[in-house]
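In my numbering, the protein residues as written are -9 to 813.
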């Protein structure tokens, strides 16, 4: 649904008949704030019937109307907000307004997106449903928390924020429940309430667990009794995370002085003791507090552990072992059973990294004990012994076992190269070893030159099957060597042709389709271009006979596996056009046509625009029709901001007669909002670059563009466009009044006016043109949540330059807003 559509009353009521359509909800998330009457109509429609729309959509609409759906997730301003709050805390301390701002920054929200359905190995958008994800209003919260923990002001304030963080976490869990997500799987997302390397910071909302835990610890150190009452309340909450927080808190002295935590663990058939969700915290309690239990309470706990019949022996042993580790004096029966199990299973030992306390363990290079559990096989450092070692291969016992072969290749080139050559003479090519070696020799200038000089003939003699297996590393090696080729020029060209031929029939994998620039064909095309660029290139010289047929084949769309090559050739379109215009017209320019298929055109335009091309008039004449036809496809082309820049260059160049005003006007109108914003951004940068000629540039270039080419439809006016226009108006400097008058009807309140206000403040236009500055502020200043920092200074400059404006209604409105939002 187009955001440009004006919504009258009849149309709004018609929309409410389609509340079951996910597309309408996604549109409302982005644009509903522009239509203040619509939420009331939607609420009335939902109240009319409990059956429509379906339950999921009703839930999403209710969350949307209650402000719980994120309308601008991952705002570029969010980091600025949290950093500004952090800075103010260090100077002002925790005031009432600061507390409210922090809660707003950490407020849980639901982010809605199109759902996907898996069909085998492929995922497709399912237009009939939506997915919701729990997020926070601010991203990168874990990083912020890591930085602020050590600050004195935060340490002073955090104990007073327990209730705030508790409510935020409860809100998050309620939203999670509304999404239908299980509460009992928190041990996967947050394996440990206490800090532990197993905790990964993949979800921002889980930072609420950390800030609540730390705030409680700070409160415990100052007001133990109050901390104890909060802990008791956590256990009563119907959420597994809060129960885990309570068990964590119980490990602290005095929180459960009479062993109440044992009662918690034994509730509901001892779920707390045996459940995967609470396993980590239960184990910590056994170690930390088991020794302080009275004999009667410990006896109840041991009885539950020993008499459990639906668990394996190791589960019983590890709980007894944890009690024993913490110094608990096991009862006679428990001690006998523990010693018997330990004797029968002597291999059972408590893990030094506490992994036996976790129901789910994620192991990787971040795991402190990762390397100690896996072997590193050492290769010999003499040629004959190394060849024997390579021939035999190490006996790995784990997929994580490794060896130092890459180090040998890096440190002892001649030894490793000679060993590989010895095996090659036996027709023993070992592709895995060659792969590692070529990657090492592609990463450093000296190794590149040396390996190419001595090994290019050897690799050239490699059988097709082994060379095809090495296509990734060999293509990287060829690309690296081709940059400064001093030997074996013919071998480089021959290997490129051979590797391309071997891959002509391959179907690119899903990973290769997602990352074409790392495809072997892309690297081989780079190598061919390096070979070409070693020639002296002149206009109309034509392509070399050795390369022309290769480039011609790469341009043939029937070879799908060569698409990454076409992307790269398109990036050098201007060079090809100048050197061999006829060949470029026949083979390269057709790739830019938007018919019959758009896939090739998207890649061609992406490659061309990715090179940040300049406006080359002869080329523009040659593919003028395709260039203009790209505007409606703006969103599907990568690096599309350069298309907007080229369109602006064409419009502002007085000497260019390639396009008519009507053609430029239509292409600009066909751009989406993002394209229009990029056009304005280009205008701002061009205006800044004009230096002392800014005023003349505005008058002679930008103003005619605005009058004759910029779209006239007010339906295109959005807060984003208004923000870019405001920056353009300010950049006009001495022409500020004229620029404001020309664009005034397009200006409206913007959500984050900080940058505009900052630009206005530093430009001194508030002093030079106070009335126009006030007019601009009145247009862009709605009622944002936080007042721009330099808004007050702008008002002071306006009042100083034109005192009568202090009584202007616009001045008074902004001043009143500022009073209500100052801290």
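In this text, a Cβ means the ideal position worked out from N, Cα and C, and glycines have one as well. Just so we're clear, the structure is a prediction, and the values are computed from it rather than from any experiment.
Non-local C-beta neighbours of residue 289 in its own chain, meaning closer than 7 Å and more than five positions away in sequence, comprise 321, ordered along the chain.
Between residue 408 and residue 432, the C-beta gap is not smaller than 7 Å, which leaves the two residues out of contact. In the same chain as residue 75, and ignoring 5 residues on each side of it, the C-beta atoms closer than 8 Å to its own belong to 88, 91, 92, 95, in chain order. Cβ-Cβ distances below 6 Å link residue 442 to 471 in the same chain, with the five nearest sequence neighbours on each side left out; the list follows chain order. When DSSP states are grouped into helix, strand and coil, residue 371 belongs to the coil group. Contact between the region 774 to 789 and the region 743 to 757 is present: 3 or more CB-CB pairs across the two stretches fall below 8 Å.
Taking the CA atoms as reference points, residue 764 sits about 34 Å from residue 17. Taking every protein chain shown into account, the CB of residue 686 has fewer than 16 other CB atoms within 10 angstroms, so this residue is exposed. Distances from the alpha-carbon of residue 661 to those of 622, 29, 683, 647 put 622 closest. Residue pairing by DSSP places residue 103 opposite 121 in a beta bridge. With a cutoff of 7 Å on beta-carbon distance, residue 711 and residue 666 are scored as near each other. Residues of the same chain with a CB within less than 6 Å of the CB of residue 751, apart from the 5 flanking positions on each side, are 780, 783, 784 in chain order. For residue 569, the number of other beta carbons within 10 angstroms of its own is at least 16, and it is reported as buried. For residue 696, the uninterrupted alpha helix (DSSP H) segment begins and ends at 693 to 698. The C-beta of residue 523 has fewer than 16 other C-beta atoms within 10 Å across all chains shown, which makes the residue exposed. Every alpha helix (DSSP H) of 4 residues or more that sits fully in the region 306 to 337 is shown, in chain order, as 322 to 334. According to DSSP, residue pairing for residue 98 in a beta bridge involves 126.
Distance from the Cα of residue 269 is smallest, within the candidate group 206, 282, 348, for 348. Distance from the CA of residue 725 to the CA of residue 645, rounded to the nearest whole angstrom, comes to 24 Å. Residue pairing by DSSP places residue 393 opposite 367 in a beta bridge. The Cβ atoms of residue 156 and residue 202 sit closer than 7 Å to each other. Around the beta carbon of residue 404, fewer than 16 other beta carbons sit within 10 angstroms, so the residue counts as exposed.
As computed with DSSP, residue 59 is found in a beta bridge with 100. Boundaries for residue 347: no alpha helix (DSSP H) harbours it, and the DSSP string shows neither H nor E there.
The residue from 237, 560, 129, 261 with its alpha-carbon nearest to that of residue 278 is 237.
When beta bridges are read from the DSSP output, residue 740 appears opposite 771.
Taking a contact to require three or more Cβ pairs closer than 8 Å, the region 201 to 218 and the region 160 to 180 do not qualify as touching.
Rounded to the nearest whole angstrom, the C-alpha separation of residue 701 and residue 656 is 8 Å. In the three-state DSSP reduction, residue 178 falls in the helix class (H, G or I).
With respect to the 7 Å criterion, residue 749 and residue 723 are not classified as neighbours on the basis of their beta carbons. The C-beta of residue 286 has fewer than 16 other C-beta atoms within 10 Å across all chains shown, which makes the residue exposed. Under the three-state reduction of DSSP, residue 603 is assigned to coil, being neither helix nor strand.
Contact between the region 306 to 317 and the region 141 to 160 is absent, with fewer than three C-beta pairs closer than 8 Å.
With contacts defined as CB atoms closer than 7 Å, residue 468 and residue 483 fail to qualify as a contacting pair. In this structure, the CA atom of residue 80 is about 6 Å from the CA atom of residue 143. In this structure residue 599 touches residue 633 by the C-beta definition: roughly 6 Å separates them, less than 8 Å.
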